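Inspection log for the structure reproduced underneath, given as structure tokens.
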Amino acid sequence: MEKISFAAKPARAPNKIKFYHLSCERGELPLAGETEAYFIPFRTATVFPFSFPFGRKVNLRSAITLTFRPILGEQESRLSLVPQVAEQRANLTRGAAWFVSREEISEYEERLGNKSIFLPAPAAFAAEIGGDGLIVWQEGDSSCAVWFKEYTPQLYRYASGGAEELAQWMRSYVSSTGGEIPAENVRIFCAEDVSREELRRAAAATFAAAPGLARLDLSNRGASMAEQYEAFFNSAFRAVKIASAAGLMFLILSLFILVQNKYMSESFAAAPSEVYRLTTGEVSRSPLADITKRLRLLTGGGVQLTLEGTLANFAAAWKTLPAGTDIKVDAIRYGRERTEIEGQASKTDHIQLLRDALAKNGFTVKLGDVQQIPGGGMRFTLNLAEGGR
Numbered sequence: 008m009e010k011i012s013f014a015a016k017p018a019r020a021p022n023k024i025k026f027y028h029l030s031c032e033r034g035e036l037p038l039a040g041e042t043e044a045y046f047i048p049f050r051t052a053t054v055f056p057f058s059f060p061f062g063r064k065v066n067l068r069s070a071i072t073l074t075f076r077p078i079l080g081e082q083e084s085r086l087s088l089v090p091q092v093a094e095q096r097a098n099l100t101r102g103a104a105w106f107v108s109r110e111e112i113s114e115y116e117e118r119l120g121n122k123s124i125f126l127p128a129p130a131a132f133a134a135e136i137g138g139d140g141l142i143v144w145q146e147g148d149s150s151c152a153v154w155f156k157e158y159t160p161q162l163y164r165y166a167s168g169g170a171e172e173l174a175q176w177m178r179s180y181v182s183s184t185g186g187e188i189p190a191e192n193v194r195i196f197c198a199e200d201v202s203r204e205e206l207r208r209a210a211a212a213t214f215a216a217a218p219g220l221a222r223l224d225l226s227n228r229g230a231s232m233a234e235q236y237e238a239f240f241n242s243a244f245r246a247v248k249i250a251s252a253a254g255l256m257f258l259i260l261s262l263f264i265l266v267q268n269k270y271m272s273e274s275f276a277a278a279p280s281e282v283y284r285l286t287t288g289e290v291s292r293s294p295l296a297d298i299t300k301r302l303r304l305l306t307g308g309g310v311q312l313t314l315e316g317t318l319a320n321f322a323a324a325w326k327t328l329p330a331g332t333d334i335k336v337d338a339i340r341y342g343r344e345r346t347e348i349e350g351q352a353s354k355t356d357h358i359q360l361l362r363d364a365l366a367k368n369g370f371t372v373k374l375g376d377v378q379q380i381p382g383g384g385m386r387f388t389l390n391l392a393e394g395g396r
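The opening position of the sequence shown corresponds to residue 8 in this note's numbering, with each subsequent residue numbered one higher.
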């Protein structure tokens, strides 16, 4: 493959960021308020795409750690985790999880400074392929590559040797998983041929097209800031829930006093029911029990099951399945607010049988992803919460 020319349209780079790769001559020292961003061919980096059915209210870092812990094994404590969020809605968080050796990051921080931003070298050129395809970066006697889909990294690899060999390996690997990287969507860049201005222009175009990449920072400082950012939003969300619950309780108490004064001469016993009716617009025979349930639902307490209760109810539902039901459960991911069941079935009817059985044994059941399995059958997920009929 030949050295390619830059296809991305010029875009204005952030004024306070100076872009470098390792072969660039370092310019003047950054002024106050300026930041240096280095695109680095990490030896130890790896990336995994993720998609979770929740928004900001759930701890993303914990979800990623639990999901990929079986893959990382004993190396987990030696790796720095940085989530790259591509899309986030009320019921969806999608992106990629970067893992890099803390030791390698520390080596670069000693060399380049601990206040710099670190990114994987191929990320600068994602706009050259419109966010879909393969970027290979060659520097010295080694190369690294990233496969992108909609600007979200799907696979990263570092290898000694030439860029063309690495590109061929990446395409073959993706093909073996059922994917495809067309030859026209492959770009190879050699560090010695990329000037600082070309790097600035390419990175600016990529950052403009993909805010998730623009916010990525694999340095130890960046990983720490990302963790603090997530912790802040998790705490803020909990505080909002508590404040909402406290506000509702204050309103109920105020109305209770008002109604008590108004109707005491008629019937003190009818006051709780009247308060409930005025507050919710509904009639209740057990207003105190019903309002307690509403408060639990508001604060998350009304959808919590113990681990023992979840397993017991699941076992009870499983025993009621008709003989011949062809279902295999691969994983049960327990959570206080929701439990996820992942498994395989030969027919959709069998999935429905399990869903109905769970609904009759204390669960509210929502069907998640259903995917066809090559060779027959299908993979499915069921999301369980407290409830049922």
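Cβ atoms here follow ideal geometry from the backbone N, Cα and C, with glycine treated the same way.
Please read all numbers here as calculations on a predicted model, not as lab measurements.
{"Item": "Among Asp337, Phe321 and Gly80, nearest to Leu365 - alpha-carbon criterion", "Value": "Phe321"}
{"Item": "Proximity to Gly331 [Cα-Cα], best of Glu349, His357, Lys156 and Asp337", "Value": "His357"}
{"Item": "Beta-carbon proximity of Ala352 to Gly375, cut-off 8 Å", "Value": "no"}
{"Item": "Asn192 to Asp139 span [Cα, whole Å]", "Value": "7 Å"}
{"Item": "Minimum C-alpha distance to Glu315 - residue among Gly342, Val336 and Leu361", "Value": "Gly342"}
{"Item": "Nonlocal neighbours in the same chain, by C-beta distance under 8 Å from Ala174, ignoring five residues either side", "Value": "Met8, Leu141, Val143, Ala152, Val193 and Ile195"}
{"Item": "Where Ala190 falls: helix, strand or coil (DSSP)", "Value": "helix"}
{"Item": "Burial state of Val107 (16 or more Cβ within 10 Å)", "Value": "buried"}
{"Item": "Spatially closest choice to Asp337 from Val372, Arg386, Arg345 and Arg362, by CA coordinates", "Value": "Arg386"}
{"Item": "Pair within 8 Å by beta-carbon distance, Arg101 and Ser58", "Value": "yes"}
{"Item": "Inter-residue spacing [alpha-carbon to alpha-carbon] between Arg63 and Asp148", "Value": "42 Å"}
{"Item": "Where Lys25 sits in the DSSP three-state scheme", "Value": "strand"}
{"Item": "In chain order, each beta strand (DSSP E) run of at least 3 residues that lies wholly inside the segment 50–110", "Value": "53–59, 86–96 and 99–108"}
{"Item": "For Glu5, the nearest candidate out of Pro381, Ser226, Val377 and Ala324 (CA to CA)", "Value": "The structure shown has nothing for residue 5, since the chain only spans 8 to 396."}
{"Item": "Local Cβ density within 10 Å of Lys354, reported as buried at 16 or more and exposed below that", "Value": "exposed"}
{"Item": "Closest residue to Met177 among Arg164, Gly185 and Gly169 (Cα-Cα distance)", "Value": "Arg164"}
{"Item": "Arg340 - DSSP class collapsed to helix/strand/coil", "Value": "strand"}
{"Item": "Ala103 to Ser84 span [Cα, whole Å]", "Value": "19 Å"}
{"Item": "Nearest-angstrom Cα separation, counted from Lys23 out to Gly5", "Value": "Beyond the ends of the chain as shown, which are 8 and 396, falls residue 5; an answer cannot be given."}
{"Item": "Nearest to Pro45 (by Cα), restricted to the options Ala93, Pro189, Phe125 and Glu349", "Value": "The residue asked about is misnamed: residue 45 is Tyr in this sequence, not Pro. Nearest C-alpha to Tyr45: Phe125."}
{"Item": "Contacting residues, own chain, Cβ-Cβ under 7 Å from Arg76 (five flanking each side not counted)", "Value": "Glu83"}
{"Item": "First and last residue of the uninterrupted beta strand (DSSP E) at Ser150", "Value": "Ser149 to Lys156"}
{"Item": "Straight-line Cα distance separating Glu204 from Glu111", "Value": "27 Å"}
{"Item": "Reduced DSSP category for Gly316 - H, G, I as helix; E, B as strand; rest coil", "Value": "helix"}
{"Item": "Close Cβ partners of Asp363 (< 6 Å) along its chain, the five nearest in sequence each way excluded", "Value": "none"}
{"Item": "Ordered list of beta strand (DSSP E) runs contained in the segment 153–183, each at least 3 residues", "Value": "159–167"}
{"Item": "Assumed close pair Phe26, Leu206 - CB separation to whole angstroms, cut-off 8 Å", "Value": "5 Å"}
{"Item": "DSSP beta-bridge partners of Arg398", "Value": "The structure shown does not extend to residue 398, since the chain spans only 8 to 396, so no value can be given for it."}
{"Item": "Beta strand (DSSP E) segment containing Phe46, residue limits", "Value": "Thr42 to Ile47"}
{"Item": "8 Å contact criterion, which Tyr158 and Ala211 should meet: CB distance rounded", "Value": "Not confirmed; about 14 Å, so no contact."}
{"Item": "Collapsed DSSP secondary structure at Gly309 in the structure displayed", "Value": "Residue confidence for Gly309 is low, a pLDDT of 42 falling below 50, so the modelled location carries little weight and cannot support an answer."}
{"Item": "DSSP-derived helix/strand/coil call for Leu365", "Value": "helix"}
{"Item": "Among Val181, Thr53 and Leu88, the one whose alpha carbon lies nearest that of Ser69", "Value": "Leu88"}
{"Item": "Reference Leu391, options Pro381, Phe370 and Leu361, closest by Cα", "Value": "Phe370"}
{"Item": "Enclosing alpha helix (DSSP H) for Gly219 [first to last residue]", "Value": "Pro218 to Ala221"}
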